[in-house]
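Participant: Using the working numbering, the final residue of the sequence shown is 350, and nothing's skipped along the way. Structure in structure tokens, see below.
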Amino acid sequence: MKIGNDFKAFEGRWRFLFVLVVLVAKCSRSLTPESDHNELTAQAYQKIAKQLLDKFQPPAARPRTHPAGSDNLNPKLSHPTSDTTPPSPKMPAENTLTTSFTPVELESLSQLLLELPRLLDSLPGGQEVDHECWGIPIKIGAEETDARFRVVLVKFLRANKFSVPAAYDQLRETLIWRHEFRALEAADEEYDQDLYGQVGLIHGRTKKGGLVTWNFYGGLDNERVFGNVERFLRWRVGLMERGIREGVDFVTRDSMAQVHDYANVSFFSISPTTKLASKTTIQTFQTYYPELLSQKFFVNVPGMLAWVFKVMSGFVNKETERKFVMLGSVKGLRKFIDEGEWPSKVQK
Ligand SMILES: *[C@@H]1O[C@H](CO)[C@@H](O)[C@H](O)[C@H]1NC(C)=O
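Here is the structure:
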């Protein structure tokens, strides 16, 4: 029995390490916002090697999803009009977010705007269908009247290091998915609150005024929560959409915060059910919700895990360090979020 227990402890430690490396690997890709439950997935373990490799190599372009024959995407190189009529970076509609766009953001944005008619035409239903992203209408000419539209587009560019073809692909996939999934509607549907209220909720604000979504990993009935993956995903998308609606106006605020609370987590509760749910969730949020999180706070993270994270965080860049905040105990959270803003489930 003792050997069995030792082995369990040993295995548990390795799980912690794996989880940690995933966290750090995700940090190194500070542009991917959502990683709910991903920390616990086996699939994620396989990604580690790739992500670490990527750190030492320039990232390859994302695979293109648009049809063959349409790959003259970079207007700088091949767009018929770009040589003669460079688009003006001046737009009539401005807000506090668009006025602080950098030159590279403005430049890649005007290139992406040139491609927008072709993008919309390529969607199922073409321009007949009303498309939206996070509640903001996506249509030709909207940049003239709606500054929020440009804030949304720039998120896709930032997430792709200003590669216009890659941003084009991700935006296109997102618009198709949102339409099919009816993502906006997910926010207002009825869910089993007794069940999903244990997993996550929107509650309170950070000291800087950002809306906070809380994610809990401990003490869950995994079969009940994750058994119906479709339902779980729909609920989680709905939570994200509500967060955006309540906390991100794309006028003065373009992101929100997240807390990941690992209190009461048993790392032995990983099962095929939770793996599938986490894989589906991570893919959804990585692809369709880029650049929406300002900061992620990890609390009640087991001591050794937090320690290794600290050591390894020496290797990640400052921007990433600012975004991912590893807090051993929940007390450290007071620096960022007043206690009065914490949900009751969080132990003070
Ligand atoms: C952890 O368990 C304690 C005791 O059962 C409970 O009070 C607390 O709310 C739990 N925390 C989370 C985040 O589940």
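Even for Gly, the Cβ is constructed at its ideal location relative to N, Cα and C. Please read these numbers as outputs of a predicted model, since none were measured by experiment.
(1) Would you call Gln172 buried or exposed, if buried means 16 or more other Cβ atoms sit within 10 Å of its Cβ?
(2) Can you tell me whether Glu130 is buried or exposed? The criterion is at least 16 other CB atoms within 10 Å of its CB, across all chains shown.
(3) At a cut-off of 7 Å, is Val348 close to ligand 2 when judged by its beta-carbon and the heavy atoms of the ligand?
(4) Counting along the chain, where does the beta strand (DSSP E) carrying Lys298 start and finish?
(5) For the region 256–294, which segments carrying the alpha helix (DSSP H) assignment without a break, of at least 4 residues, lie completely within its bounds, in sequence order?
(6) Using only alpha-carbon positions, find the residue among Thr176, Thr275 and Glu192 that is nearest to Glu223.
(7) Buried or exposed: Gln260, going by 16 or more other Cβ atoms within 10 Å of its Cβ?
(8) Who are the Cβ neighbours of Ala144 in its own chain at under 7 Å, not counting the five residues just before and after it?
(9) Please state the DSSP three-state secondary structure of Gly245.
(10) Where does Ile142 sit, in a helix, a strand or coil, going by DSSP?
(11) Which term fits Gly334, buried or exposed, when burial requires 16 or more other beta carbons within 10 angstroms of its beta carbon?
(12) What alpha helix (DSSP H) runs, 4 residues minimum, are completely inside the region 158–223?
(13) Determine the extent of the beta strand (DSSP E) in which Val327 is found, giving its start and end residues.
(14) Can you check whether the CB of Phe183 is closer than 8 Å to the CB of Val201?
Facilitator: According to the structure data:
(1) It counts as buried.
(2) Exposed, since its Cβ has fewer than 16 Cβ neighbours within 10 Å.
(3) Looking at this structure, you won't find ligand 2 anywhere; what it does contain is ligand 1.
(4) Start and end: Leu295 to Val301.
(5) The qualifying runs are 274–290.
(6) According to the sequence provided, residue 223 is Asp. The question's Glu does not apply to it. When only C-alpha atoms are compared, the closest one is Thr275.
(7) Here Gln260 is buried: its Cβ has 16 or more other Cβ atoms, across all protein chains shown, within 10 Å.
(8) Excluding positions up to five away in sequence, the list reads Phe151.
(9) In the structure shown, Gly245 sits in a helix (DSSP, three-state: H, G or I).
(10) Assigned with DSSP and collapsed to three states, Ile142 falls in coil, not helix or strand.
(11) By the neighbour-count criterion, in which a residue is buried when 16 or more other Cβ atoms sit within 10 angstroms of its Cβ, Gly334 is exposed.
(12) Within the region 158–223, the complete alpha helix (DSSP H) runs of at least 4 residues are 166–183, 185–188 and 195–198.
(13) From DSSP, the beta strand (DSSP E) with Val327 extends over Phe326 to Met328.
(14) No.
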